[in-house]
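Chemist: My questions will all concern the structure given below.
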Amino acid sequence: MADLPFHDRGDFEDADRGFIAKLSPAVIRTADGQVVWDNDSYDFLQGDCPRTAHPSLWRQSQLCTRQGLYEVTDGIYQVRGLDLSNMTLAEGERGVVVIDPLISTECAAAALKLYRAHRGDRPVTGVVYTHAHADHFGGVRGVTGGDVPILAPAGFMEHAVTENVFAGPAMIRRAVYMYGPALPRSPEGQIGAGLGMTASTGTMSLIPPTVEITRTGQEETVDGVRMIFQLTPGTEAPVEMNFLFPDRRALCLAENATHNLHNVLPLRGAAVRDARAWARYLTEAIALFADRAEVAFASHHWPTWGRERIERFLSQQRDMYTYLHDQTLRLLNKGLTGTEIAEAVHMPPELEQAWHTHGYYGSVSHNVKAIYQRYLGWFDGNPANLWPHPPRESATRYVECLGGGAAVVAFARRYIDENDLRFAVQLLNHAVFADEGNKEARDLLAEVYTRLGHGAENATWRNFYLMGAHELADGIVSTTVETPSSDFFAALTVEQIFDSIAIRVDGPRAWHERLSIDWHLTDLGERYRTTLSNGAFVQQAEPRDDSADLTLRLTKAQLVGLLSGKGVEGVEREGDTTVLQRLVAVLDRPVPDFAIVTA
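All you need for the working numbering is the position in the sequence shown, starting with 1, plus 3.
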């Protein structure tokens, strides 16, 4: 800790450079008065770091909590600190092109209003989505109704909707732990998320792109604003892109190079990212753009100015992901498991001295495990781990072997006294899973989670630990995290709609059910057959002409409405109309508030 360069104030100078004005108060509400963003609640970060926070994370949060309108370079502005992400605005001949319009329509509208208050009432003449994560497109209806060009990397819609719909309920639940919206904002509670302060909780929207970026080197001009693109698939998102404003010598790095170590696999869950590809696209970005840019900015954090500084920043970010990837593979091939490699890998000294390589959002520990997972999966090769009992059953047996719940708590206290909090947590977790009514174990586990959270440099680790403590003490809490809006469901392809049904089929309940439905999509001129047998819901496009149990003729909008509970009114039906009821009867509902720290 003492070796970290706290004397270096360069990031603070960059974070303040170009400041024009704040939003005051920095509180954003829905039309009915519900607060969806409150940056003022982090004012306590202006003070000195307390004992309840890691000094490095406190410093990062002080930087991330800065908010307002900033000039990046001539004609390019950013609104920061009004959501997890930044909204960038590039001025054109008639209006302004918006890059990454935040998560919520309310936040995006407030950001645009702040910009217009100081740069004039310029119309939005285009939108760019850098990638398919909701904090980069969800607020789009706060800046436009969709009558402008919207640029995005090829494949954007598929990944934007599948991540938020297919595994959405589980990701949303885990995001409550990752961002800690239920925690108090205080030196003892939530102090940020490393990448930004937290995620806003307003209305998410989605307008499909009108222009696809399909190749590196593709150039597009919107309202006189020239952009040259670099596709970077498989990096921070399955589809993502960097791009250069050649006339302004400004480089947008999307979320591929930010002022922290990012996630190869976020704690909320996602497909594992490719650290090798990530590093190679950063090398390509240096070759393509470094000598043509005087400023580099991203969709989070603050810009970097000067060609030499940009190249050093990108090179260090590249080296960071390369090092993690290659060292994981080196040790993997020596027989180490993911957890063993995570203990063995440490950042090189030069990278450790660079603030932007620190694990405020991702971490060396969980990124190394993710790289291991990408190559070898969940199994570490030890047959003892091939068929373990589920957590509760394992916990019951461990506690029995250790002499009961009271004995486990006593062992845990001994390890706490020895400052081995990591093992104390494992013991206490067994005690709680074996007997949720063991109040002494619950209270002690909450206490240890709190201590681990207060000592974490990584913001998402801190939030996970503190949320665990919170729910052990108070039970599962409700959250205002927004679920996908109707825009997401309308954007699903017909195949994705049927996939979203398939993942809800309760297999055992449907084992003996057999049915088939033909769906004639009259507005698309397409025909699909879905069948249910052996608990498997299967779709087929343009099936053969033999009859199904039920035939429906409807539009795609009616299909979406039918699945959202609007019924079959207006839908032409032929055959056994009870088939739909039989299908609905075997569909399961996701659980939005499943237990995490209890069995």
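Note that beta-carbon positions come from the ideal geometry of N, C-alpha and C, so glycine has one too. For clarity, every value in this text was computed on a predicted model and none was experimentally measured.
How big is the Cα-Cα spacing for T204 and P104?
Modeler: CA-to-CA, the gap between T204 and P104 works out to about 14 Å.
Chemist: From which residue to which residue does the beta strand (DSSP E) around H523 run?
Modeler: Taken as a continuous stretch (DSSP letters only), the beta strand (DSSP E) holding H523 covers 518-524.
Chemist: V484 to E166, Cα distance in whole Å?
Modeler: For V484, the predicted model reports a pLDDT of 47, less than 50, meaning its position is unreliable and no value from the coordinates is stated.
Chemist: Short check: CB of I79 to CB of V143, under 7 Å?
Modeler: Taking 7 Å as the Cβ cut-off, I79 and V143 do not qualify as a contacting pair.
Chemist: Measuring only the C-alpha atoms, how far is L48 from N42?
Modeler: Spanning the two alpha carbons is a distance of roughly 11 Å.
Chemist: For L518 versus R465, is the C-beta spacing smaller than 7 Å?
Modeler: No.
Chemist: So the alpha helix (DSSP H) V411 belongs to, where does it begin and stop?
Modeler: 408-420
Chemist: Could you give the DSSP three-state label for N259: helix, strand or coil?
Modeler: coil
Chemist: I'd like to know whether the C-beta atoms of A278 and H359 end up nearer to each other than 7 Å.
Modeler: no
Chemist: Pull up the CB-CB distance for L317 and A293, whole angstroms please, since I reckon it's below 8 Å.
Modeler: 7 Å
Chemist: Is any heavy atom of the ligand ADP found at a distance shorter than 6 Å from the C-beta of G95?
Modeler: For the structure depicted, the ligand ADP is absent and the ligand set is empty, with no information on it obtainable.
Chemist: Rounded to whole angstroms, how far is the Cβ of Q70 from the Cβ of L26, which I believe are closer than 8 Å?
Modeler: 6 Å
Chemist: Would you tell me roughly how many angstroms separate the C-alpha atoms of G145 and V130, rounded to the nearest one?
Modeler: 12 Å
Chemist: Over the uninterrupted alpha helix (DSSP H) stretch that includes A449, give me the two end residues.
Modeler: 442-457
Chemist: I'd like to check one pair, G141 with I194: are the Cβ atoms closer than 7 Å?
Modeler: no
Chemist: Just how far apart, CA to CA, sit R62 and L524?
Modeler: 55 Å
Chemist: Do H433 and Y401 have their CB atoms nearer than 7 Å?
Modeler: yes
Chemist: What does the Cβ neighbour count give for Q37, buried or exposed, with the cut at 16 atoms within 10 Å?
Modeler: exposed
Chemist: Which residues share a DSSP beta bridge with A24?
Modeler: For A24, which the question treats as bridged, DSSP gives the partners L72.
Chemist: For P156 and chain B, any beta-carbon pair shorter than 7 Å?
Modeler: In summary, chain B is missing from the structure at hand, where a single protein chain is found.
Chemist: Taking the continuous beta strand (DSSP E) assigned at N245, which residues delimit it?
Modeler: 244-248
Chemist: Going by the DSSP bridge assignment, what does E634 pair with across the sheet?
Modeler: Here the chain has residues from 4 to 602 only, and residue 634 is not among them.
Chemist: Counting Cβ pairs, one atom from each stretch, are 3 or more of them under 8 Å apart for the stretch 242-256 and the stretch 118-135?
Modeler: yes
Chemist: With distance defined between alpha-carbon atoms, name the residue in T533, D549, D548, F597 nearest to L583.
Modeler: Checked all of T533, D549, D548, F597; the closest Cα to L583 is T533.
Chemist: Quick one, are the C-beta atoms of G578 and L553 less than 7 Å apart?
Modeler: yes
Chemist: At the level of alpha carbons, what is the spacing between P190 and L85?
Modeler: 21 Å
Chemist: Taking contact to mean at least 3 C-beta pairs separated by less than 8 Å, is the stretch 173-189 in contact with the stretch 280-290?
Modeler: Touching, no.
Chemist: Would the stretch 368-380 count as touching the stretch 333-350 if we require 3 or more Cβ pairs under 8 Å?
Modeler: yes
Chemist: Bridge partners for H134 per DSSP, in chain order?
Modeler: DSSP lists E243 as partners of H134.
Chemist: Output the residue ranges of the beta strand (DSSP E) runs that lie fully inside the stretch 85-146 and measure 3 residues or longer, sorted by chain position.
Modeler: If one requires a minimum length of 3 residues, the beta strand (DSSP E) runs lying completely within the stretch 85-146 are 90-94, 99-102, 127-131, in chain order.
Chemist: Taking the alpha-carbon of G95 as reference, which of V428, Y364, D250 has the nearest alpha-carbon?
Modeler: D250
Chemist: State whether the stretch 388-405 contacts the stretch 362-369, with contact taken as three or more CB pairs (one from each stretch) at a distance under 8 Å.
Modeler: no
Chemist: Going straight from the alpha carbon of A437 to that of Y364, what length do you get?
Modeler: 32 Å
Chemist: Do you know whose CA, among L117, A155, K116, lies nearest I102's CA?
Modeler: Out of L117, A155, K116, A155 has the C-alpha closest to the C-alpha of I102.
Chemist: Fully enclosed by the stretch 140-188, which alpha helix (DSSP H) runs are 4 residues long or longer?
Modeler: 159-168, 171-182
Chemist: Which same chain residues end up closer than 7 Å to D423 when comparing Cβ atoms and leaving out the 5 residues on each side of it in sequence?
Modeler: none
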